[in-house]
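Engineer: Its first residue numbered 11, the sequence shown is counted upward by one per residue in our numbering.
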Amino acid sequence: MSEDVNKTITDRDKQRLSNAINKLKLNNFKLDSLHNLTKLINSNAQRKEIFKAVEQVLKIELQVGKALLVTKEDGQWAVSFGYGVKTHYFNFNTIHLLTTIEDILVVNESIDFAPFDYIIPVKHKKEALAYLLLADFDEDELAMSAVIKHLPYIQTMINLVVVAVENKILYKQKNDREKFDREVALASEVHAMLFPKNLPQNNYIKCDSYYLPHHHIGGDYYDILHINENEYLMCIADVSGKGISAALLMSTLQANLHAITNYNNSLSEIVHELNNKINKVAQGDRFITMFIAKYNTATKLFTYINAGHLPVFLTNKYGVEKLTVGCAGIGMLDELPNVLEASFIINTPTNLLLYTDGVTETENKDGVQFDIEGVEEILRSKFYESPARQNHAVLGALERFRDRQHYVDDITMMSCSIE
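Have a look at this one:
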């Protein structure tokens, strides 16, 4: 009898030892799985690859019969992986029901989540990130359910993976945003450098400007150059589109304008050359509207070309005139046909208003635009004795007109008085 007892004890101990070893192996496997998943996440693996590894752990290692992982991708719910069940099971009604689940749910007949037995929600700071739906191979099998057996581990694993993936996405978005902000700041600085630091204030010509970018980076540009003893060149330009690429294209225009402008170049030669340069860079994707003019203080000759830009206003004691003669915009065509110049003598105090479409496209609360007529009405009301007062009058009218509505574009103006 003693031998039978010893044998029984020995068999019992062996079974306990075997169970302990199996449990240790399982725990080691679980730790290894978490370690491998963590390594995969830290190796910058793709989201799809990470979730595929989770699927393999559930399906192969833990022997979970059915699984469906629903996650948010770019703000939309979608199936990240699924097996043992048709993924078209997931639909709008399913996600509506899922979003009501706050904790691990045991599915019963009253809940429309067949063929699943358990649902694990994954949340971070009260925001739902994912839902893992699980079921065993055979509900009638007498062996212990794999899902029940490994449920705490599965919950830990899926929470760790989904939150880690989400954090990596947020971290990348943060880095991308910071990088973009740095690029925007740099482009904004570059764009600001395009504008002249000082405008002429002398007996022949006085200028004043106003610039309000709609975003950090605008697509507008104005300039005035003293190109020789007697001549000034003035311009205003507006690139199609906005953002960094628009600012870079405008910097190309400015650099080339400064490089090719001298007393030997006619305005039509300058416009043709600018068109060639911009076409090489923009390749038809963008164009620039531009008003460019020369004024000779000795001869009083004023010459201009309007390259697809809004009419510039000239005002003096004779009234208000729109300067519209010119050609198509810079970069609109491979070659600019029929570039027309207009010239006249300025023999009386005269004001010019150069502006971009942000002024005319300003809207009021009814969606009505200020338009060219709004600008003209201000200039017809009186002759302003200084460029600053003329700009102030236009800006004041814009402010009253928009009545707290947001501006829809850059607001750019340059007024010049010619004696």
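Even for Gly, the Cβ is constructed at its ideal location relative to N, Cα and C.
Do you know how far the Cα of Gly377 is from the Cα of Asn361?
Structural biologist: Counting from one through the sequence shown, the residue named residue 361 turns up at place 351. Counting from one through the sequence shown, the residue named residue 377 turns up at place 367. One C-alpha to the other measures close to 31 angstroms.
Engineer: Within 10 angstroms of its Cβ, does Asp191 collect 16 or more other Cβ (buried), or is it exposed?
Structural biologist: As a working mapping, residue 191 is identified with position 181 in the sequence shown. Exposed is the call here.
Engineer: Excluding sequence positions up to five away, which residues of its chain have a Cβ less than 7 angstroms from the Cβ of Gly341?
Structural biologist: Residue numbering aside, residue 341 sits at position 331 when the sequence shown is read from its first letter. The answer, listed in chain order, is Asn285, Ile288, Asn289, Ala292, Arg296, Phe297 and Ile298.
Engineer: Is the beta carbon of Ile280 closer than 8 angstroms to that of Ile270?
Structural biologist: One-based indexing of the sequence shown puts residue 270 at position 260. One-based indexing of the sequence shown puts residue 280 at position 270. Yes; because the gap between Cβ atoms is below 8 angstroms, this pair is in contact.
Engineer: Is Tyr417 helix, strand or coil by DSSP?
Structural biologist: Here residue 417 refers to the residue found at position 407 when the sequence shown is read from its first residue. Three-state result, Tyr417: coil.
Engineer: Since Glu371 contacts Gln379 with CB under 8 angstroms, what's their CB separation in whole angstroms?
Structural biologist: Taking the sequence shown and counting its residues from 1, the one referred to as residue 371 is at position 361. Taking the sequence shown and counting its residues from 1, the one referred to as residue 379 is at position 369. Yes, they are in contact, since the Cβ atoms of Glu371 and Gln379 sit about 5 angstroms apart, within 8 angstroms.
Engineer: How is Leu263 classed by DSSP in three states: helix, strand or coil?
Structural biologist: Looking up residue 263 in the sequence shown gives position 253. Leu263: helix per DSSP, three-state reduction.
Engineer: Sort Ala265, Gln73 and Lys207 by Cα distance to Val157 and report the nearest one.
Structural biologist: Walking along the sequence shown from the start, residue 157 turns up at place 147. When only C-alpha atoms are compared, the closest one is Gln73.
Engineer: Give the DSSP bridge partners of Lys76, in chain order.
Structural biologist: As a first step, residue 76 must be located in the sequence shown, where it is residue number 66. Note: Lys76 sits in a beta bridge opposite Ala145.
Engineer: Express the C-alpha separation of Thr422 and Ser276 in angstroms, rounding to a whole number.
Structural biologist: Along the sequence shown, read from residue 1 onward, the residue named residue 276 stands at position 266. Along the sequence shown, read from residue 1 onward, the residue named residue 422 stands at position 412. Roughly 26 angstroms separates the two Cα atoms.
Engineer: Less than 8 angstroms separating the beta-carbons of Ala77 and Leu161?
Structural biologist: Walking along the sequence shown from the start, residue 77 turns up at place 67. Walking along the sequence shown from the start, residue 161 turns up at place 151. No.
Engineer: Could you check whether Ile130 and Ile164 sit closer than 8 angstroms to each other, using their CB atoms as the reference points?
Structural biologist: Position 154 of the sequence shown, counting from 1, holds the residue named residue 164. Position 120 of the sequence shown, counting from 1, holds the residue named residue 130. Result yes, Cβ atoms of Ile164 and Ile130 sit closer than 8 angstroms.
Engineer: Keeping to the same chain, check which residues put their C-beta closer than 7 angstroms to that of Arg57; ignore five residues upstream and five downstream.
Structural biologist: Taking the sequence shown and counting its residues from 1, the one referred to as residue 57 is at position 47. The residues are Val175.
Engineer: Measuring only the C-alpha atoms, how far is Leu152 from His134?
Structural biologist: Stepping through the sequence shown from its first residue, residue 152 is reached at position 142. Stepping through the sequence shown from its first residue, residue 134 is reached at position 124. Model confidence at Leu152 stands at a pLDDT of 48, short of 50, so the residue's coordinates are unreliable and nothing is read from them.
Engineer: Take Val138 and list the residues in its own chain whose beta-carbon comes closer than 7 angstroms to its own, dropping the five residues that flank it on each side.
Structural biologist: Here residue 138 corresponds to residue number 128 of the sequence shown, with the count starting at 1. Position check: residue 138 holds Ala in this sequence, whereas Val was assumed. So the list reads Thr109 and Pro131, once near-sequence residues are dropped.
Engineer: Could you pull out every residue in the same chain whose Cβ sits closer than 6 angstroms to the Cβ of Val349, ignoring the five residues on either side in sequence?
Structural biologist: Residue numbering aside, residue 349 sits at position 339 when the sequence shown is read from its first letter. Only Ser278, Val281 and Cys337 meet the Cβ criterion.
Engineer: Between Arg353 and Lys207, what straight-line distance do the alpha-carbon atoms span, to the nearest angstrom?
Structural biologist: Residue numbering aside, residue 353 sits at position 343 when the sequence shown is read from its first letter. Residue numbering aside, residue 207 sits at position 197 when the sequence shown is read from its first letter. The question names Arg, yet the displayed sequence has Ser at residue 353. Roughly 28 angstroms separates the two Cα atoms.
Engineer: Considering only the alpha carbon of each residue, which of Ser425, Glu199 and Leu408 lies closest to Asn399?
Structural biologist: For the purposes of this step, residue 399 is taken as the residue at position 389 of the sequence shown. Here the sequence assigns Arg to residue 399, which means Asn is not the residue at that position. Among Ser425, Glu199 and Leu408, the Cα nearest to that of Arg399 belongs to Ser425.
Engineer: Can you list, in chain order, the residues of its chain with a C-beta nearer than 6 angstroms to that of Pro210? Leave out the 5 residues immediately preceding and following it.
Structural biologist: Counting from one through the sequence shown, the residue named residue 210 turns up at place 200. The answer, listed in chain order, is Cys217.
Engineer: Going by beta-carbon coordinates alone, are Tyr437 and Asp233 separated by less than 8 angstroms?
Structural biologist: Within the shown structure, residues of the chain are numbered from 11 to 429, placing residue 437 beyond reach of any answer.
Engineer: Distance check for Glu331 and Asp419, CA to CA, integer angstroms please.
Structural biologist: Locating residue 419 in the sequence shown gives position 409, counting from the first residue. Locating residue 331 in the sequence shown gives position 321, counting from the first residue. If I take the Cα positions, the gap works out to 25 angstroms.
Engineer: How is Ile227 classed by DSSP in three states: helix, strand or coil?
Structural biologist: Within the sequence shown, numbered from 1, the residue matching residue 227 stands at position 217. Of the three classes helix, strand and coil, the one that applies to Ile227 here is coil, per DSSP.
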